[in-house]
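To start, the structure under review is shown below, and the notes come after it.
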Amino acid sequence: MKRLLFLLFTVCTLVNTVMAQSAAPRTQHDKAFLLDYYQQTFDALQQSVEGLSEAQLAFKSAPDRWSISQCLEHIIQTEPALLVYAKKTLEQQPNPERKGDVKMSDDDVIKGMTDRSFKAKASEELSPKEAGTYKNAKFALKDLKKQRKELLGYIKGISVDDMRNHIADSPFGPVDGYHSLLYIPAHTARHTLQIEEVKADPNFPK
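Take a look at the structure:
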């Protein structure tokens, strides 16, 4: 539970920063958008890491920076933790009377999570091993795909109305069940951008 609270605090910090800067009206997307975003983020990650060598996966631009292998490990470790939070939100009693309390838009979640100008530190429990677990990206993608199969099945079994009718308090205000499920692929998108930063380093192995 401690690591989940830390993770949620980090997620909300990123999203809340963007909310403070945005005056755009709230947009609400449907289930097709949510499922498509999961696929988009998987495809983008696959395109980013497919075919990389072991040396490329292990490369660090600095001693205190993550390698691509570590980024992959962190993505795969974190998605189940975020799903625990989402399920907790969606399994509580519906409270649609609180819909008006939610100020965060779906787009705020995505923008906040993918804004790499705001840095966040992962909890120790969700931080990858020093060397990174994965020596071959195809095994990481296989693990992520297997993990997401259950997750996507869960989403398909819930209506959007049900997602929107479950409001939970986060460290920075109320969020709905849809947001809690949107955090997951947005987190993957964030670290895919981090992987691209690693690849752009002039010392990245050829």
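Read in order, the letters of the sequence shown are residues -20 to -1, 1 to 186 in mature numbering (1 follows the signal peptide of the UniProt record, and there is no 0).
Note that CB positions come from ideal geometry on N, CA and C, so glycine has one too.
In this text, all values refer to a predicted model and were calculated from it rather than measured experimentally.
What does the alpha-carbon distance come out to for the pair Leu132 and Ile147? Here the question's residue 132 lines up with position 152 in the sequence shown. Here the question's residue 147 lines up with position 167 in the sequence shown. Each residue's alpha carbon lies about 21 angstroms from the other.
Out of Ser41, Ala24, Asp95, point me to the one whose CA is closest to Asp181's CA. Indexing the sequence shown from 1 puts residue 181 at position 201. The option with the nearest alpha carbon to Asp181 is Ser41.
Just the C-alpha distance for Asp86 and Gln8, rounded to the nearest angstrom, thanks. Counting from 1 along the sequence shown, the entry for residue 86 is found at position 106. Counting from 1 along the sequence shown, the entry for residue 8 is found at position 28. Spanning the two alpha carbons is a distance of roughly 6 angstroms.
Tell me which residues share the same chain as Leu121 and place their Cβ nearer than 6 angstroms to its Cβ, disregarding the 5 neighbours each side in the sequence. Looking up residue 121 in the sequence shown gives position 141. Gln26.
Can you find the residues in the same chain that come closer than 7 angstroms, C-beta to C-beta, to Tyr18, ignoring five residues on each side of it along the sequence? Numbered from 1 along the sequence shown, position 38 holds the residue referred to as residue 18. Spatial neighbours of Tyr18 in its own chain (CB-CB distance under 7 angstroms, excluding positions within 5 residues in sequence) are listed in chain order as Arg128, Leu132, Pro165.
Give me the Cα-Cα distance between Lys125 and Arg78, rounded to the nearest whole angstrom. Counting from 1 along the sequence shown, the entry for residue 125 is found at position 145. Counting from 1 along the sequence shown, the entry for residue 78 is found at position 98. Approximately 35 angstroms between the Cα atoms of the pair.
Tell me, to the nearest whole angstrom, how far the beta carbon of Thr69 is from that of Gly153; I am working on the premise that it is less than 8 angstroms. Position 89 of the sequence shown holds residue 69. Position 173 of the sequence shown holds residue 153. Not really, about 14 angstroms apart at Cβ, beyond 8 angstroms.
Helix, strand or coil, according to DSSP, for Ala148 in the structure here? By one-based count along the sequence shown, residue 148 stands at place 168. DSSP places Ala148 in strand when its eight states are reduced to three.
Whose C-beta lies closer than 6 angstroms to the C-beta of Gln36 among residues of the same chain, with five residues either side of it excluded? Counting from 1 along the sequence shown, the entry for residue 36 is found at position 56. Pro185, listed in sequence order.
Residue environment, Glu53, which counts as buried when at least 16 other CB atoms sit within 10 Å: As a position in the sequence shown, residue 53 is number 73, starting the count at 1. By the 10 Å Cβ count, Glu53 comes out buried.
I need the boundaries of the alpha helix (DSSP H) containing Asp181, first residue and last residue. Residue numbering aside, residue 181 sits at position 201 when the sequence shown is read from its first letter. Where Asp181 is concerned, there is no enclosing alpha helix (DSSP H), given that its DSSP letter is neither H nor E.
Name the DSSP beta bridge partners of Pro154, please? The residue labelled residue 154 in the question sits at position 174 within the sequence shown. For Pro154, which the question treats as bridged, DSSP gives the partners Asp149.
What whole-angstrom Cβ distance do His167 and Met93 have, given they're in contact under 8 angstroms? The count along the sequence shown starts at 1 and reaches residue 167 at position 187. The count along the sequence shown starts at 1 and reaches residue 93 at position 113. So it is a contact: roughly 6 angstroms between Cβ atoms.
Use the C-beta contact count for Gln73: other C-beta atoms within 10 angstroms, 16 or more gives buried, fewer gives exposed. Residue 73 sits at position 93 when you count from the first residue of the sequence shown. The C-beta of Gln73 has fewer than 16 other C-beta atoms within 10 Å across all chains shown, which makes the residue exposed.
What do you reckon, are the CB atoms on Leu106 and Ala61 nearer than 8 angstroms? Taking the first residue of the sequence shown as 1, we reach residue 106 at position 126. Taking the first residue of the sequence shown as 1, we reach residue 61 at position 81. Yes, these two residues count as a Cβ contact at 8 angstroms.
Report yes if the CB atom of residue 188 is closer than 8 angstroms to the CB atom of Ser28, and no otherwise. The displayed coordinates of the chain run from -20 to 186. Any statement about residue 188 would go beyond what the structure contains.
Please tell me whether Tyr134 and Val89 are closer than 8 angstroms, where the distance is taken between their beta carbons. The count along the sequence shown starts at 1 and reaches residue 134 at position 154. The count along the sequence shown starts at 1 and reaches residue 89 at position 109. Contact: no.
In three-state terms, what does DSSP make of Glu110? The sequence position of residue 110 within the sequence shown is 130, counting from 1. In the structure shown, Glu110 sits in coil (DSSP, three-state: anything other than H, G, I, E or B).
Just confirm the distance between the C-beta atoms of Thr172 and Thr21, as a whole number of angstroms; I'd bet it's less than 8 angstroms. Taking the sequence shown and counting its residues from 1, the one referred to as residue 172 is at position 192. Taking the sequence shown and counting its residues from 1, the one referred to as residue 21 is at position 41. That belief holds up - the Cβ atoms of Thr172 and Thr21 are roughly 7 angstroms apart, short of 8 angstroms.
Can you look up Phe39 in the DSSP assignment and give me helix, strand or coil? In the sequence shown, counting from the first residue as 1, residue 39 sits at position 59. The DSSP-derived three-state label of Phe39 is coil.
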